[in-house]
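Here's the structure, in structure tokens; my notes come after.
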Amino acid sequence: MSVSHSLLQYQDSNGKVYEGDLYVPRTTGMRKLPGVVVYSAFRGITEFEKGKAKALAQEGYIALAADPFGKGIRPTDKMECFGIVKPLVSERIEKLKPVILAAVDAIKTVQCIDIQKIGAIGFCFGGLCVLDLARYNIGLKAVVSFHGTLKPLPGVPLDPIIGTAIQAHHGDADSHIPKEQVDEFHEEMRARKADFVFSSHAFAEHGFTEPEADSFGLPGVKYNEKAAKRSWSATLSLLKEAF
């Protein structure tokens, strides 16, 4: 299926401007389509996130690669990227929440979108983003986290039921996400009666979906082709079921 690509400008609740990459199937006709927001790893929008958004559009979804940094902010140095991401992760409710909600609101403005059928996927930092969207219960049908941080929202009770279907894909050899965090995530999902699937991929390390991971120069970060393909196949299956 051929798709069109354009840039989508949007704002968060604080007025900050972002610019995401939008991919839309060309043969929509008058039929409304589900939408999927793609949240990036720590480097922001790269060819990897664009590729995933385009692949989703080829499956028949309207897909937006969300901008986590702001229009015109495209750092190339990994330490600069970490410097932007770290404050967002340390203040998830105050600083990160407006950023991730803005992308969901943005995709809902796209022509031919079915606003009742929205999902999200995210990688690493983006995995944390989509799990938080599920935790906020904003009406998403499904979210998928790939090697994302699993920590619950700080100071938020574990009693509200999560209504979003969740997949969490984890590397069994991921030294960045300790076993204690994995156990805490399971306890949270059970306490909040979530419809969740947790997949631990054998031998996979952190960043296992990213083909360029080996070049990052970061310990414990490595591409795993088998885990990447299996987790993507499971993602497409969940989205088909949810929509």
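The sequence shown begins at 8 in the working numbering and counts up one residue at a time.
Note that the Cβ used here is the ideal one computed from N, Cα and C, for glycine as well.
Just so we're clear, the structure is a prediction, and the values are computed from it rather than from any experiment.
query, result
"Given that a residue counts as buried once 16 or more other Cβ atoms are within 10 Å of its Cβ, and exposed if not, what is HIS12?", "exposed"
"Nearer than 7 Å: is that true of the beta carbon of TYR230 relative to any heavy atom of the ligand MN?", "The ligand content of the structure shown is nil, which means the ligand MN is not present either."
"Taking the alpha-carbon positions, what's the PHE215 to LYS57 distance?", "17 Å"
"Pick helix, strand or coil for HIS176, following the three-state DSSP scheme.", "strand"
"Just to confirm my understanding: we take LEU255, look at its own chain, exclude 5 residues before and 5 after, and list those with CB closer than 6 Å. What are they?", "Only positions 8 to 250 of the chain appear in this structure, which leaves residue 255 out of reach."
"Assuming contact is defined by CB atoms lying nearer than 8 Å, are VAL111 and LEU135 in contact in what I supplied?", "no"
"Near GLU195, what residues of its chain come up, given a Cβ to Cβ distance below 6 Å and the 5 sequence neighbours on each side ignored?", "PRO159, LEU165"
"Have a look at VAL10 and GLY67 and give me their C-alpha separation to the nearest angstrom.", "9 Å"
"Which same chain residues, not among the five before or five after PRO105, have their C-beta less than 7 Å away from its C-beta?", "ASP19, SER20, ASN21"
"By Cβ distance, which residues of its chain are closer than 6 Å to ALA209, with the 5 residues on each side in sequence left out?", "ASP179"
"So what does DSSP say about PHE192, is it helix, strand or coil?", "helix"
"Out of curiosity, what's the CA-to-CA distance linking GLN123 and PRO82?", "34 Å"
"Who are the near neighbours of ALA73 in its chain, counting only those whose CB is closer than 6 Å to its CB and skipping five residues on each side?", "GLY27, VAL44, TYR46, ALA110"
"Across which residues does DSSP place LYS26 in a beta bridge pair?", "This sequence places Glu at residue 26; Lys is not what is there. Answer is GLN16, bridged to GLU26."
"Use the C-beta contact count for ASP181: other C-beta atoms within 10 angstroms, 16 or more gives buried, fewer gives exposed.", "buried"
"State the Cα-Cα distance for the pair LYS78 and LEU15, rounded to the nearest angstrom.", "10 Å"
"What would DSSP say about GLN123, mapped onto helix, strand or coil?", "strand"
"Would you grab the beta carbon distance between ASP6 and LEU40 for me? Rounded to a whole angstrom, and I think it's under 8 Å.", "It is not possible to answer for residue 6, since the shown part of the chain is limited to 8 through 250."
"Can you find the residues in the same chain that come closer than 7 Å, C-beta to C-beta, to ALA235, ignoring five residues on each side of it along the sequence?", "PHE215, THR216"
"DSSP beta-bridge partners for VAL151?", "ILE128, GLN174"
"Exposed or buried, what is ILE107 when buried is set at 16 or more other beta-carbons lying within 10 Å of its beta-carbon?", "buried"
"Within the stretch 199-224, note down every full alpha helix (DSSP H) run reaching 4 residues or more, in order along the chain.", "none"
"Can you give the Cα-Cα distance for HIS193 and VAL24, rounded to whole angstroms?", "36 Å"
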